[in-house]
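Peer 1: All residue numbers for the sequence shown refer to my numbering, where the first residue is 117 and numbers rise by one.
Following this message is one structure expressed as structure tokens.
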Amino acid sequence: MSTLDSLPGWVAQHRDAMVQDLTDYVSAETPSDDKILLEQGLQWIEGWLRRRIGDPASRRIVDGGELGDIAILDYPADDDAGPWVTALCHYDTVWSAGTMASGLPLSTATGSPDPVPLI
117 MSTLDSLPGW VAQHRDAMVQ DLTDYVSAET PSDDKILLEQ GLQWIEGWLR RRIGDPASRR
177 IVDGGELGDI AILDYPADDD AGPWVTALCH YDTVWSAGTM ASGLPLSTAT GSPDPVPLI
């Protein structure tokens, strides 16, 4: 994709993969109070980034203590002259482990006539 005008076509071509990625991401439960699940969630995100855009030029981890750690992954532009890419991701949830297995919490507060998942 080289221009913003080509974005709708690119999204249409990659829709199925994007929906699968989102499904996999949401399925990786990351409750704020579960360090082990947070570590697994961060590993999933790093693996996803590697699959989608390759290995980062550098990787740093900031210790989150009892909470989830922060990964800082640096990716240079394709031509090495442009800006670097920074990926920001909030990966903990308010939902307890097991919420996904018991069904998604739903809400009609969005104004949609159909309940939508609260994730």
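Yeah, the Cβ is synthetic: ideal placement off N, Cα and C, and Gly gets one too.
1) Under 7 Å Cβ to Cβ from I161, same chain only, skipping five residues before and after it: list those, please.
2) Looking only at C-alpha atoms, which of I169, L183, W200 sits nearest to Q156?
3) Terminal residues of the continuous beta strand (DSSP E) containing Y191?
4) Here's the rule: buried if 16 or more other CB atoms are within 10 angstroms of the residue's CB, otherwise exposed. What is P124?
5) Kindly indicate which three-state DSSP category S174 falls into: helix, strand or coil?
6) Please classify T139: does DSSP put it in a helix, a strand, or coil?
7) Could you have a look at P199 and say whether DSSP puts it in helix, strand or coil?
8) Going by the CB atoms, is the gap between I177 and I186 shorter than 9 Å?
9) Buried or exposed: where does T146 fall if 16 or more other Cβ atoms within 10 Å of its Cβ makes it buried?
10) Could you give the distance in angstroms between the alpha-carbon of V142 and the alpha-carbon of M134?
11) Express the C-alpha separation of R166 and T215 in angstroms, rounding to a whole number.
Peer 2: Checking against the coordinates, here is how it stands:
1) Residue mapping note: residue 161 aligns to position 45 of the sequence shown, counting from 1. Scanning its chain for C-beta atoms nearer than 7 Å, with the 5 sequence neighbours on each side dropped, one finds around I161 the residues C205, Y207, in chain order.
2) Locating residue 156 in the sequence shown gives position 40, counting from the first residue. Of all alpha-carbon atoms in I169, L183, W200, the one lying nearest the alpha-carbon of Q156 is that of L183.
3) Sequence index remark: in the sequence shown, residue 191 carries index 75 (1-based). Per DSSP, the unbroken beta strand (DSSP E) holding Y191 starts and ends at 186 to 191.
4) As a first step, residue 124 must be located in the sequence shown, where it is residue number 8. Here P124 is exposed. Its C-beta has fewer than 16 other C-beta atoms within 10 Å.
5) If you number the sequence shown from 1, residue 174 lands on position 58. Annotated three-state conformation of S174 is strand, per DSSP.
6) Within the sequence shown, numbered from 1, the residue matching residue 139 stands at position 23. Three-state DSSP puts T139 in a helix.
7) Along the sequence shown, read from residue 1 onward, the residue named residue 199 stands at position 83. Correct three-state label for P199: coil.
8) On the sequence shown, position 70 is the one that residue 186 refers to. On the sequence shown, position 61 is the one that residue 177 refers to. Contact flag set, yes.
9) Walking along the sequence shown from the start, residue 146 turns up at place 30. Buried, because 16 or more other Cβ atoms sit within 10 Å of the Cβ of T146.
10) For the purposes of this step, residue 142 is taken as residue 26 along the sequence shown, with counting starting at 1. For the purposes of this step, residue 134 is taken as residue 18 along the sequence shown, with counting starting at 1. Roughly 12 Å between the two C-alpha positions.
11) Start at 1 with the first residue of the sequence shown, and residue 215 comes out as number 99. Start at 1 with the first residue of the sequence shown, and residue 166 comes out as number 50. Note on geometry: alpha-carbon atoms of T215 and R166 lie some 28 Å from one another.
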